[in-house]
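Residue numbers (full-length UniProt numbering), protein chains in the order written: chain U, 1 to 241; chain Z, 1 to 310.
Glycine included, every Cβ here is placed at the ideal spot set by N, Cα and C.
The next block holds one structure in the form of structure tokens; read it before the comments.
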Ligand SMILES: Nc1ncnc2c1ncn2[C@@H]1O[C@H](COP(=O)(O)OP(=O)(O)O)[C@@H](O)[C@H]1O
Ligand SMILES: [Mg+2]
């Protein structure tokens, strides 16, 4: 079965002052895949997905989503088209309850049973017992899960997760991995992740960014065997040697 | 929900009972306060719930009042004047919002302030029509609403209470709706809201427009109930007052605007009978609130345990 392209970026570029955080990146995301984006700190991963989600405008390049050019579309309109982004630095409504946080995502789709769907959205990320709690008072791990839960509740076609497992306990990471797998194939996942166990367990394909450029892209086994990737990122151990 | 509804209906019943027992002087005061509370409810929707700190609401109040006044002066009916006031407030707020919402924070305050000031000066410039600073009295014939003579104490209080009741209950329904939740979300974390697919500009514009509609109704009601309209209601002082009411009663609480309006009105009334410096009293009250009680009375109560207070 030929892969169907869901999202495509061509020549995507974004600078901060003199620094090219994202430098002429070409990138293709297939429908229904889990695609991991890895690379050292400062490689431009967050900037790159911010361009995809519309939080940032590119200096040059083009983004197509589901066949249509979305390069100039504002972020909220892209979300409405099905591109959801969960923040690397947790961004929730700290002063509102867990239920209100999730309801704000759930109610983006017409529903007659907002309370019920909200409760299910909470249960999905293991926050079923925390609905009435003020979100800002949750533990850090639970706030991360709430952030992910809000992204899921949008029922996106593309879910972009920016270092979702950061700050999660091992058991929570297991739950997270299972949860992401359960989203397929309706949801395509673009995952920025430092935990290589999570990447290897989940990813169908991996793209490596370094200094704003694509260093390599391919199946996990190819990436693992790639010498340039090992030098730049995987600690310089040459597995093939 | 029932607990909340009972509380609001009890407050309205209490106000109705008050109408029956109050001496004439306080009777008129309370009718005035109820109109100012409607105005404050409008301000609360923009500031308290959506986080839009406007310094230009006097324009919406003044537009509603002037539209109603001119209409009645030309022989129009009081009922239509109320509707016209609502439209004028809505229109003025929408226009202001389209331009001012390109900015945020301090710039938004300054732009709204300048809009209101320009409106006030325009009212003065067309003094031949608007009566300028002096304003003009409304003809008795135009102050009849559904068979009630608004120049009489009893009917005036009843109509003031009816308008207030509608405003209070509409506000309650609004803030407990899905749309109300998105307003609060915009106040709490605009970037998160944007990334949930909410358009910040249109959401805030809608909030401001609704806020302007309430303000316009309040202005029209005030003019009709007290038989006088004038540009003095479009001055900066009338932009600050609803902020004070809301801050005192509790920003982002449904009953805060009423509580704040009652307390602040009597505070300023008492102060101005004792001293010439009623403006200084307003300033001092504002400072005190911002420094020591930023959440106001009901906001503090909500934090201290009455969590269900809407
Ligand atoms: N808003 C910004 N202003 C200035 N520099 C930025 C900004 N965002 C990111 N950068 C810089 O761009 C580079 C890439 O950052 P980022 O995309 O966050 O990398 P990553 O997510 O891969 O760690 C870094 O050098 C970072 O300092
Ligand atoms: Mg990052």
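Cβ atoms of residue j and residue i: under 8 Å apart, would you say?
| i | j | result |
| --- | --- | --- |
| residue 300 of chain Z | residue 171 of chain Z | no |
| residue 219 of chain Z | residue 63 of chain Z | yes |
| residue 98 of chain U | residue 152 of chain U | no |
| residue 53 of chain U | residue 188 of chain U | no |
| residue 192 of chain U | residue 163 of chain U | yes |
| residue 178 of chain U | residue 149 of chain U | no |
| residue 55 of chain Z | residue 46 of chain Z | no |
| residue 93 of chain Z | residue 208 of chain Z | yes |
| residue 58 of chain Z | residue 234 of chain Z | yes |
| residue 60 of chain U | residue 44 of chain U | no |
| residue 159 of chain Z | residue 168 of chain Z | no |
| residue 84 of chain U | residue 180 of chain U | no |
| residue 124 of chain Z | residue 132 of chain Z | yes |
| residue 173 of chain U | residue 198 of chain U | yes |
| residue 8 of chain U | residue 78 of chain U | no |
| residue 230 of chain Z | residue 76 of chain Z | no |
| residue 177 of chain Z | residue 186 of chain Z | no |
| residue 51 of chain U | residue 29 of chain U | no |
| residue 142 of chain Z | residue 78 of chain Z | yes |
Determine the direct distance from the alpha carbon of residue j to that of residue i, and round the result to whole angstroms.
| i | j | result |
| --- | --- | --- |
| residue 115 of chain Z | residue 288 of chain Z | 28 Å |
| residue 241 of chain U | residue 203 of chain U | Low local confidence applies: a pLDDT of 39 at residue 241 of chain U is under 50, so the model's placement there is unreliable, with the coordinate-based value given in what follows. Answer to the nearest angstrom: the Cα atoms are 25 Å apart. |
| residue 214 of chain Z | residue 173 of chain Z | 14 Å |
| residue 107 of chain Z | residue 101 of chain U | 29 Å |
| residue 104 of chain Z | residue 58 of chain U | 24 Å |
| residue 40 of chain Z | residue 184 of chain U | 50 Å |
| residue 237 of chain U | residue 39 of chain U | Note that residue 237 of chain U scores a pLDDT of 48, beneath 50, so its modelled location is shaky; the value from the coordinates is reported in the next line. Going from the Cα of residue 237 of chain U to the Cα of residue 39 of chain U covers about 16 Å. |
| residue 127 of chain Z | residue 111 of chain Z | 24 Å |
| residue 165 of chain U | residue 23 of chain U | 27 Å |
| residue 72 of chain Z | residue 154 of chain U | 51 Å |
| residue 179 of chain Z | residue 216 of chain Z | 21 Å |
| residue 69 of chain Z | residue 155 of chain Z | 19 Å |
| residue 36 of chain U | residue 36 of chain Z | 58 Å |
| residue 82 of chain U | residue 104 of chain U | 16 Å |
| residue 244 of chain Z | residue 34 of chain Z | 15 Å |
| residue 227 of chain Z | residue 275 of chain Z | 28 Å |
| residue 12 of chain U | residue 47 of chain U | 11 Å |
| residue 222 of chain U | residue 96 of chain U | 45 Å |
| residue 267 of chain Z | residue 118 of chain Z | 30 Å |
| residue 74 of chain U | residue 109 of chain Z | 25 Å |
| residue 190 of chain U | residue 114 of chain U | 28 Å |
| residue 225 of chain U | residue 196 of chain U | 14 Å |
Verify the CB distance criterion: does residue i have a CB-CB separation below 8 Å to chain U?
| i | result |
| --- | --- |
| residue 39 of chain Z | no |
| residue 207 of chain Z | no |
| residue 195 of chain Z | yes |
| residue 185 of chain Z | yes |
| residue 43 of chain Z | no |
| residue 304 of chain Z | no |
Using alpha carbons as the reference points, say which of the options lies closest to residue i.
| i | options | result |
| --- | --- | --- |
| residue 80 of chain Z | Z:67, Z:91 and Z:90 | Z:67 |
| residue 94 of chain U | Z:112, Z:189 and Z:110 | Z:189 |
| residue 293 of chain Z | Z:250, Z:211, Z:277 and Z:268 | Z:250 |
| residue 246 of chain Z | Z:237, Z:175, Z:256 and Z:239 | Z:256 |
| residue 153 of chain Z | Z:4, Z:7 and Z:23 | Z:23 |
| residue 162 of chain Z | Z:5, Z:13 and Z:3 | Z:13 |
| residue 49 of chain Z | Z:297, Z:262 and Z:203 | Z:203 |
| residue 139 of chain U | U:90, U:201, U:46 and U:55 | U:90 |
| residue 15 of chain U | U:66, U:25 and U:157 | U:25 |
| residue 175 of chain U | U:208, U:123, U:225 and U:107 | U:123 |
| residue 60 of chain Z | Z:77, Z:42, Z:76 and Z:74 | Z:42 |
| residue 166 of chain Z | Z:38, Z:268, Z:101 and Z:183 | Z:38 |
| residue 248 of chain Z | Z:148, Z:78, Z:86 and Z:263 | Z:263 |
| residue 141 of chain U | U:167, U:117 and U:182 | U:167 |
Would residue i count as contacting chain Z if we go by Cβ distances under 8 Å?
| i | result |
| --- | --- |
| residue 93 of chain U | yes |
| residue 100 of chain U | yes |
| residue 217 of chain U | no |
| residue 140 of chain U | no |
| residue 104 of chain U | yes |
| residue 7 of chain U | no |
| residue 76 of chain U | yes |
| residue 55 of chain U | yes |
| residue 52 of chain U | no |
| residue 73 of chain U | no |
| residue 236 of chain U | Interpretation of residue 236 of chain U is limited by its pLDDT of 47, a score under 50 that renders its predicted location unreliable; no figure is taken from the coordinates. |
| residue 22 of chain U | no |
Check whether chain C comes within 8 Å of residue i, counting only Cβ atoms and requiring the distance to be less than that.
| i | result |
| --- | --- |
| residue 181 of chain Z | Structure shown: chain C not included; protein chains present are U and Z. |
Tell me whether residue i, by its Cβ, gets closer than 7 Å to a heavy atom of ligand 3.
| i | result |
| --- | --- |
| residue 66 of chain U | Among the ligands present in this structure, namely ligand 1 and ligand 2, ligand 3 is not found. |
For ligand 1, which residues count as neighbours when the test is a C-beta closer than 6 Å to any heavy atom?
These are the residues, in chain order, with a beta carbon less than 6 Å from any non-hydrogen atom of ligand 1: U:16, U:19, U:21, U:39, U:41, U:42, U:43, U:44, U:45, U:46 and U:47.
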